Each structure stands twice: as C-alpha cells, then as structure tokens.
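Engineer:
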Amino acid sequence: MKPENLNSFNTLSNLVGQGKTLVVQSTRMDLNNNTYVSELWKRNSKEWKKFKSGNNNFSNPKFGNKENTIFYIKTNRSVQNKSKSKNSFSTICLQTGRSIESIFKIEGGISNYVLSSDGNFLYVITNEWSEEFKKIENKDSEPKYFENLPFRFDTKGIIYNKRSHIYRVNLNTKKFSKIVNGDKNNILSIQSLVEGKENLIFSYDQYNSKGTMLEEKIGSLKGTEVNEIYSKGSMGNLFYYENELHAVGMKKRFDWPTNTTILKVSDAGKISYKYPSFDRNIVKAAVNNNTLYFMYEDSGKTLLRDGTNNVDLVEADVTIKDFAFNGDKTYVISNSFSSPDEIYEIDDSQLLKVSKANESFNKKVKTWKSQYKRIDTGKSQIDTWGVFVGKDKPTILNIHGGPASQYGFTFFDEFQTYASAGFNVIACNPRGSSGRGHDFLRDVCGNKWGVTDMHDVLSSFKGMKKTMGITSRNDGIMGGSYGGFMTSWIISHNPNMFKSAIVERALLNWETMVGTSDIGIGFPEMYLLDDMSKNINLYRKKSPITFASNIKTPTLIIHSEEDYRCPVEQAEQLFSNLKKRGVTSAMLRFPGESHELSRSGQPKHRKQRFEHIINWHKNHLR
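This note's numbering puts the sequence shown at residues -4 to 617.
1. How many Å lie between Thr379 and Leu569 at the Cα?
2. Tell me which residues share the same chain as Ser483 and place their Cβ nearer than 7 Å to its Cβ, disregarding the 5 neighbours each side in the sequence.
3. When we look at the beta-carbon of Val306 and count the other beta-carbons within 10 Å, is it buried (16 or more) or exposed?
4. May I have the straight-line CA-CA distance separating Tyr326 from Tyr339, to the nearest angstrom?
5. Rounding to the nearest angstrom, what Cα-Cα distance links Ser454 and Lys536 in this structure?
6. Helix, strand or coil for Asp135? Go by DSSP, reduced to three states.
7. Report yes or no: do the segment 357 to 366 and the segment 426 to 446 share at least 3 C-beta pairs separated by less than 8 Å?
8. Looking at the structure shown, is His590 part of a helix, part of a strand, or coil, going by DSSP?
9. So, are the CB atoms of Leu392 and Asp470 less than 8 Å apart?
10. Going by DSSP, which residues form a beta bridge with Gln13?
11. Where Thr507 and Trp43 are concerned, what is the direct C-alpha to C-alpha distance, given to the nearest angstrom?
12. Check whether the segment 107 to 126 touches the segment 176 to 193, taking contact to mean three or more Cβ pairs, one atom from each stretch, closer than 8 Å.
13. Could you check which residue in Ile608, Gly381 and His488 has the C-alpha nearest to that of Met473?
14. Between Gly618 and Gly231, how many whole angstroms is the CB-CB distance? I'm expecting something under 8 Å.
15. Secondary structure at Thr511, three-state DSSP: helix, strand or coil?
16. Pick helix, strand or coil for Arg248, following the three-state DSSP scheme.
17. What does DSSP give as the partner residues of Met24 in its beta bridges?
18. What residue from Phe53, Trp36, Asn254 and Asp113 has the CA that sits closest to Phe46's CA?
19. Could you tell me the alpha carbon to alpha carbon distance between Asp434 and Asn254, rounded to whole angstroms?
20. Put His241 into one of helix, strand or coil per three-state DSSP.
21. Among the candidates Pro271, Ser267 and Ile257, whose CA atom is the shortest distance from the CA of Ala281?
22. Can you find the residues in the same chain that come closer than 7 Å, C-beta to C-beta, to Asp178, ignoring five residues on each side of it along the sequence?
23. So what does DSSP say about Gly471, is it helix, strand or coil?
24. Using DSSP with H/G/I as helix, E/B as strand and the rest coil, what is Ile552?
25. State the DSSP-derived secondary structure class of His615, mapped to helix, strand or coil.
26. For Phe141, does the count of other Cβ atoms within 10 angstroms reach 16, so buried, or fall short, so exposed?
27. Out of Phe406, Lys348, Ser429 and Asp342, which one is the CA nearest neighbour of Asp274?
28. Using three-state DSSP, classify Val662 as helix, strand or coil.
29. Is DSSP giving Lys77 helix, strand or coil here?
30. Taking the alpha helix (DSSP H) that Thr303 falls in, what are its first and last residues?
31. Any idea what DSSP makes of His160, helix, strand or coil?
32. Applying the criterion that 16 or more other CB atoms from any shown protein chain within 10 Å of the CB defines a buried residue, is Asn419 buried or exposed?
33. Can you find at least 3 beta carbon pairs, one from the segment 458 to 468 and one from the segment 545 to 560, that sit closer than 8 Å?
34. Quick check: what's the CA-CA separation for Ala619 versus Gly479?
35. Kindly indicate the opening and closing residues of the alpha helix (DSSP H) around Leu436.
36. Do His450 and Thr550 have their beta-carbon atoms positioned less than 8 Å apart in this structure?
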C-alpha cells in the first residue's frame, strides 16, 4: 500500500438492520478534491446497492417504525483545502420508498437523533453557536472573553461559544420545539439520549462550579427542566436493560486510567457495576430481544460478547467496529491486520462475509500479513506484532498513543504503508495499554512512568526482531502523542540505539502541558499521581525535554498547529533544543490540523505526512 492508495479503501460505520434489510455508512478519501465522501449502502436479499450518494455527505442511518422507511443526516460536503463555509447546514431526511422528506434542518451540526418508541417524534441533538454569537457575521473576528478554563477542545476548536440543544420534532406535522436549551442550562455537549420510564434521559457536559473542568453528567427532563441524576463519573452510551438504566463509562471521573465498563444507574442516581469481575475495556453496548451485547478490547482484538449468557460470539483475530441485528441474525463490521472493513454474518462463532466494500482495493493493492507473539520480557508478557519484509531490510518500531489504547489485529494504514516502502515494522502493547485489564493499564502511573513501559517496548522489539530473523541493525523509531513521548524518551535514554526517529504530536514537557493542553488540568495528575505545585521535580523528571541534551538520533518532529491536546509549543521546545546542539533534525508543521491529523486530517495532508515519514526513514536507515 502506497500513500496514493489512501483513497482506495472504504471505512464502514453505523451499521443498522431491520427485517431483511441492512444499511451501512461508507466513507472514503477524495484526494483530488481534498475531502471525505460518505455514502449509504443498502442490502436486500443478499444484494448491495448504493442507497444515497451525490454532492452531499450522508450519514447516521436509522430505520423508522413503518416498513420501508429510513432516516439519515445530509450535510454539505466541504472541500477542505478551501475556507470553511459560513453557512453549513445539516438536515435530517426521511425516505419512504423513493419519496424523500426534509424533516429537520439547522445551521450547525447534528450530532445524533433518536426515534421515539411510538414512532411519532424525533429527538434531535444539535451543536450550535450560542445565542450571542448567532447573529455575528464574522465570528472569528470577535474578541474572545473567557471565564472558564476549558475554552477549547481538540477537534472541536473553541467551545466556549458553542452549546448543545435537544429538539423534539413531530413527524406528523413537521413542527419542532427546543426542549433542552443548551444556552439556558450551559450544556456544552450531549453524548447520549434515551427514553426513560417517564422522562427523557441524557448524558451531557457542563462546567464545574469553579469553571476549571467539564463535568460529565446524567440528567432527566421534566417539561423543560433538567434534573441532574449523576455527576461523579464519565458516562456515554445510555440504554435500558431489564427495565433499568445502564451506561458504558466510569463510575469515578478521575479514576483514569481504568476500563470503561457497564454501569447500572438507579432512579436515585446510585451506581453499581453490571459485570464487577469483567476486567476488560468495554467499547459499546446494545440490547436486542432482551439480550445484552457488548464489544470489548482483549489483547489486540475487539470482540463481541453476549452479556446475558456470558459467551463470546466470535473467536477470531479481528477488530469488530460495530454490530447490528437483522431478524435472528447478528452482523458486524470487522477488519483484520491485512484486510480492511467488511460486513460479516456471525454463524456459529464464524464470520461469513456478506459485503464487497473493499473488493476492488484487495484486488489492486498488496497488503501485508503480520506475525504475532506474546513476548516474555522478563518482567511482563507483551503482545507484539511484526511485518516481515526482509531480514536485511531496515526496521521501524512504531509506538501507539494513549497510552490507554491498543495495537493489534486491525487494518492499519500506517503498517501497510511502511511495509510497502521496504521497512520491517514492529509494534507492541506495553504496560499502560488497554486490552489486558485494570492493573495492566495502571502499571505506568507515578514513578513507573517511562520505566515499565520503556522496558516492555524495547524488550519486545528486540524479541520480535529475533523471532522474525531480522539481521539488519538499521533501526528507526516513531510514535504519536504518548507514542511521541516514548520515542523521544527512548532516544534520550538510549542515544545510540536507533539511527532514525520521528516524534509526532508528542507530550514532551509535563510542566508546560499543564497550562496549555485542553486536558492539562487533570490528565497529568491522573498519570503522575501528584500535583505539579506540590512536586514539580516529578514533572520535570518524567519529561523528555529534561533529557533532550542526550539525543543524538536524527529526528523529524511532526506537529499540527491547531493541536490542543499536545500543543505545538511542545514540538517547538524539542526542535529548538536539537537545532541549537547541531543534531540532525527538522520540523514538519501542518496548518489547520488537530491532534487527529493522521486519522481524520485533510486527505492531502495525510498523504504528505506519509511521504515525509518514508523519506526521512529512507534517508537515515541506509
């Protein structure tokens, strides 16, 4: 796979089923127009047909209560290398057969919508400018007056002047009313909404009393009044099971890093664990025919479990991204290390492919398989993957972000692209990663930060090279976010080990991150287990910038100028240090991009990023 192949494969999401029909959203890059194209595909009687496509993007399909009816969101397709449109509209459409109705239209964004149980109403969650900003022609030209500290959030931009609302739309009359006023209730975002026993129940974000943090709450709606149910945790994905409210989330807001799990929420706001002994990160849950299903991470896989009967539905080395039901059959969106997204029917624990979304990609683009081994590092057992190109070829060690995330049995454009460029690739899930339980996640906290994880990364790298029989010592290292931290940490503590390094969107200085990152209050304390004002030496001791004078490795620093998670000043500190000392180094800055550049940035920027990475490693791994 080459950088120019980025627009050749389709990413599937939002799978829904009803009767004998499946509908799925398909998204791909359009490199020529520097944008993303989202379409809807429908399957009837085993035949897939394009359902919605054209000059707009179509997303978030949902079936109506009546036969042959489906809702979806239509949005303007932006050309991302041009200035954003001042008037961006989102519309919910209802299609019955070939008849299409516009149900609800608004300037701004629609994040989600829910059909009422009687089929007469839609509850629509929107993201809009606050009332004081709505009538301002050029909002970016206005001064920004902040009284609350979390005034921006990565990928969302400046949030102080944005609010979320809930509208109720009468599907018979097409009239609508605002039933939750985000301006009045100071609601910055709404994650999930369900119909309760008597009222609407939803999870939302508000500023805390000091204006220093966002609190994630669960509330109920009585008339137009929002009554708080719970505010101490972090809750999303609300649903009802056995006539009780449940949520996927964390019981305590600042118990991170830990697993997200399924929690039962009483009417009085009392929280209890649904699966107290299930020690894995739960991603999504849903109920079908009184049976609870959930997706969870496990040792590089994402699997689907029947939570009612406590049994896994799939036994395979795959990543399941979504699931839906069609009659008595269960369908999933799934991919593997060498195969991109497709839809599969689960049949007796086996996956039977029922789509051809990436058939043309698979025919014309070579993909690489992986070798997997759980490496014994002497202190831990680490899941490790390797792509073998040749024993005398250079090798790239790739380190994931988080650290509470995982690499594994999933189709990842990074590994495929680097292998096609002639590099062996090795990746692992060191302590601190998800997929191995609570204790494994927390084994990098406090003084262990940069110690246990570095041991795991380097030991598994050496072990996997030996397993694959790689003899070349032309080794490079790279990673983004926490992976960027670990890359810079390793080359500052092992200055002669690697011949090439790429530090991307990295955490490099805990001390300055506290005051500049959108999660600077809270996140550092959760990992370092101490307050900077009380133990500034710990923050400095755990920062790569403190040891940057040891770095000798030729280093490319990649960063986005609108990264609010790890602000660009982090990269500038390292770059200035290396250049001052004469270390071979360069900085690659992307305008208009966030922390998510490599995953959802402008297509042309994603392609350019790959080209620079490949060229840097090729120039230094000879």
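No residue lacks a Cβ here, since even glycine has one placed at the ideal position from N, Cα and C.
Since we're looking at a predicted model, the values are computed, not measured.
Structural biologist: In terms of the structure at hand:
1. For the purposes of this step, residue 379 is taken as residue 384 along the sequence shown, with counting starting at 1. For the purposes of this step, residue 569 is taken as residue 574 along the sequence shown, with counting starting at 1. Taking the straight line joining both Cα atoms gives about 29 Å.
2. Residue 483 sits at position 488 when you count from the first residue of the sequence shown. Within the same chain, Ser483 has close Cβ partners Val498, Ala501, Leu503, Pro539 and Leu569.
3. To locate residue 306, count along the sequence shown from 1; it is residue 311. The residue is exposed, with fewer than 16 neighbouring Cβ atoms inside 10 Å.
4. Within the sequence shown, the letter at position 331 stands for residue 326. Within the sequence shown, the letter at position 344 stands for residue 339. Roughly 6 Å separates the two Cα atoms.
5. Your numbering for residue 454 matches position 459 in the sequence shown. Your numbering for residue 536 matches position 541 in the sequence shown. Straight-line Cα distance between these residues: approximately 23 Å.
6. As a position in the sequence shown, residue 135 is number 140, starting the count at 1. Asp135: helix per DSSP, three-state reduction.
7. no
8. The residue given as residue 590 occupies position 595 in the sequence shown. Note: His590 maps to coil in three-state DSSP.
9. Taking the first residue of the sequence shown as 1, we reach residue 392 at position 397. Taking the first residue of the sequence shown as 1, we reach residue 470 at position 475. Yes, the pair counts as a contact, with Cβ atoms nearer than the cut-off.
10. Working through the sequence shown from its first residue, we reach residue 13 at position 18. BP columns for Gln13 point to Thr16.
11. Along the sequence shown, one-based indexing puts residue 507 at 512. Along the sequence shown, one-based indexing puts residue 43 at 48. For Thr507 and Trp43, the distance between alpha carbons rounds to 52 Å.
12. yes
13. Position 478 of the sequence shown, counted from the first residue, corresponds to residue 473. Met473 has its Cα closest to that of Ile608, out of Ile608, Gly381 and His488.
14. Given a span of -4 to 617 for the chain in the structure shown, any question on residue 618 remains unanswerable.
15. As a first step, residue 511 must be located in the sequence shown, where it is residue number 516. Helix, per DSSP.
16. To locate residue 248, count along the sequence shown from 1; it is residue 253. Three-state result, Arg248: coil.
17. Reading the sequence shown from its first residue, position 29 is the one you call residue 24. Met24 is bridged to Tyr31.
18. Reading the sequence shown from its first residue, position 51 is the one you call residue 46. Of the listed residues, the one whose Cα sits closest to Phe46 is Trp36.
19. For this step, residue 434 is matched to residue 439 along the sequence shown. For this step, residue 254 is matched to residue 259 along the sequence shown. Going from the Cα of Asp434 to the Cα of Asn254 covers about 10 Å.
20. Counting from one through the sequence shown, the residue named residue 241 turns up at place 246. His241 falls in the strand class under three-state DSSP.
21. Working through the sequence shown from its first residue, we reach residue 281 at position 286. Measuring from the Cα of Ala281, the nearest candidate turns out to be Ile257.
22. Along the sequence shown, one-based indexing puts residue 178 at 183. For Asp178, where only same-chain residues beyond five positions count, the Cβ hits under 7 Å are Ser125, Glu126 and Arg158.
23. By one-based count along the sequence shown, residue 471 stands at place 476. Strand, per DSSP.
24. For the purposes of this step, residue 552 is taken as residue 557 along the sequence shown, with counting starting at 1. Strand.
25. Within the sequence shown, the letter at position 620 stands for residue 615. His615 falls in the helix class under three-state DSSP.
26. Translated into positions along the sequence shown, residue 141 becomes position 146. Exposed is the call here.
27. Within the sequence shown, numbered from 1, the residue matching residue 274 stands at position 279. With distances taken between Cα atoms, Asp274 lies closest to Ser429.
28. The first residue shown for the chain is -4 and the last is 617, placing residue 662 beyond what the model contains.
29. On the sequence shown, residue 77 is found 82 positions in, with the first residue counted as 1. Its pLDDT being 43, under 50, Lys77 is placed unreliably in this model, and the value from its coordinates should be taken loosely. Correct three-state label for Lys77: coil.
30. What you label residue 303 is simply residue 308 of the sequence shown in a count that begins at 1. Unbroken run through Thr303: none, as it is neither H nor E.
31. Within the sequence shown, residue 160 is the residue found at index 165, counting from 1. Strand, per DSSP.
32. Residue 419 sits at position 424 when you count from the first residue of the sequence shown. Buried, since its Cβ has 16 or more Cβ neighbours within 10 Å.
33. no
34. Residue numbering for the chain in the displayed model covers -4 to 617; residue 619 lies beyond these limits and cannot be assessed.
35. On the sequence shown, position 441 is the one that residue 436 refers to. Here the alpha helix (DSSP H) through Leu436 covers His433 to Leu436.
36. As a working note, residue 550 is residue 555 in the sequence shown. As a working note, residue 450 is residue 455 in the sequence shown. Contact: no.
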